[in-house]
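Peer 1: According to this note's numbering, the sequence shown is numbered sequentially starting from -11. A virtual CB, placed ideally from N, CA and C, is assigned to each residue, including glycine. These numbers come from a predicted model, not from an experiment. Okay, handing you the structure first.
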Amino acid sequence: MSPAAGGSQVAPGCGSEPLSLQPAGGGSPFRAGHRHAGGLAPSPSSAMKDLSVEQQLTVALRIRPINEAELEENAAIIGRAGGSPGVTLADPQGSVDTSLRNAALYDIIISIFMKIYCEEVYVSTTKNLVEGVISGYNTTIFAYGPTGAGKTYTVLGTDCDPGIYIRTLNDLFKAIEATSDNMDYTVSMSYLEIYNKVIRDLLNPSTGFLDLREDARGSIQIAGITEVSTTNAQEITPLLTKGNKERTQEPTAASKSSSRSRAVLQVTVKQKCRAKNIKEAVRVGKLFTVDLAGFERAPQTQN
Ligand SMILES: Nc1ncnc2c1ncn2[C@@H]1O[C@H](COP(=O)(O)OP(=O)(O)OP(=O)(O)O)[C@@H](O)[C@H]1O
């Protein structure tokens, strides 16, 4: 079976016939969800009104193209499109063996076999969450899948085709600009990794391991984490690329440069209405994007 790619939440998979983008009401992996951050109740935006209880968690599957090494090993793509939308994993030899078949359902399937740009992944899974964040909702997007599936590729992207991190920040700043006549915003971000139960600051790794502390209001804070205030996504790009290189990597039998940590980008948006007669608290929305460590069977990675 060839591995596949990660996203919001993007999960592993593979297939043998082109699957088109299929929104639907299904079941499992690329997860994205909203939760109100507490405090002042946000006024539901049009995006949020559409967010029914069932849609609070969306699972999408992104399948990356087969790579050269896999081709050399005569790896076969065994995932096939099937139903609702779903993916069926078939016997690569084509023989009928029902014990090798396994079907999974997803909310969205992002295909595959042809080049699919991160933009398409972003638009179909994450773009509609941005409005909620500036209305005071918390949102989490996480990428999971086996090593080499394309989790980091999906969140970080490339210079020519930025991933979810940068595209989300771009849209966040556009949405802020559109309402900045009435509102004051501050946006800050931190980027950390969790590896072997310890936290490291990817924007300033020299600070060593960071502690979790509870503040006076009972919220859990990471003591000493770097918080960068920002006004545009462009200045963040080099920080994320540099921070990503600081991640703990370990060669495994499955990948020479496997990320063994979870990387978490946290973007905090504080919003305050300028109108003098409105006695409002500050609204705070947080966006977490999590690039999980590769999960795979231990015999495959041999570590
Ligand atoms: N959709 C894609 N199109 C083209 N290349 C891809 C795609 N997804 C991943 N790749 C390539 O596959 C390789 C592995 O991708 P990536 O590092 O993102 O995997 P990963 O799931 O984060 O792995 P790990 O868990 O080991 O860190 C990289 O060389 C990446 O450029």
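#1: Please determine if the segment 144 to 155 and the segment 193 to 209 are in contact, where contact requires at least 3 C-beta pairs separated by less than 8 Å.
#2: Who are the Cβ neighbours of V118 in its own chain at under 7 Å, not counting the five residues just before and after it?
#3: Give the single residue among G120, R52 and E61 whose Cα lies nearest to the Cα of V255.
#4: Nearest by alpha-carbon distance to T146: which of E58, I129, L180 and E107 is it?
#5: Would you call the CB atoms of G273 and G124 closer than 7 Å?
#6: Mapping the DSSP letters down to three states, classify F18 as helix, strand or coil.
#7: Can the beta-carbon of L144 be found closer than 7 Å to that of N232?
#8: V111 to T128, Cα distance in whole Å?
#9: Go to S293, then tell me how far its alpha helix (DSSP H) extends in each direction, as first and last residue.
#10: If you follow the beta strand (DSSP E) that T256 is part of, which residue opens it and which one closes it?
#11: Using only the heavy atoms of ligand 1, determine whether one of them is closer than 6 Å to the beta carbon of A251.
#12: Answer yes or no: do L198 and G212 have a C-beta to C-beta separation smaller than 7 Å?
#13: Any idea what DSSP makes of N184, helix, strand or coil?
Peer 2: Put simply:
#1: The segment 144 to 155, when compared against the segment 193 to 209, does not touch it at the 8 Å Cβ threshold.
#2: Closer than 7 Å at the Cβ level, and outside the excluded window around V118, lie T156, D159, L160 and A163.
#3: The shortest C-alpha separation from V255 is found at G120.
#4: Selected option, being the one with the closest Cα: E107.
#5: When the beta-carbon positions are compared, G273 and G124 come within less than 7 Å of each other.
#6: Its pLDDT being 44, under 50, F18 is placed unreliably in this model, and the value from its coordinates should be taken loosely. Three-state result, F18: coil.
#7: Taking 7 Å as the Cβ cut-off, L144 and N232 qualify as a contacting pair.
#8: Straight-line Cα distance between these residues: approximately 16 Å.
#9: Absent from the model: residue 293. The displayed extent of the chain is -11 to 291, so no value can be given.
#10: Where T256 is concerned, the enclosing beta strand (DSSP E) stretches over R250 to C261.
#11: Checking the Cβ of A251 against ligand 1 gives no.
#12: Contact flag set, yes.
#13: Correct three-state label for N184: coil.
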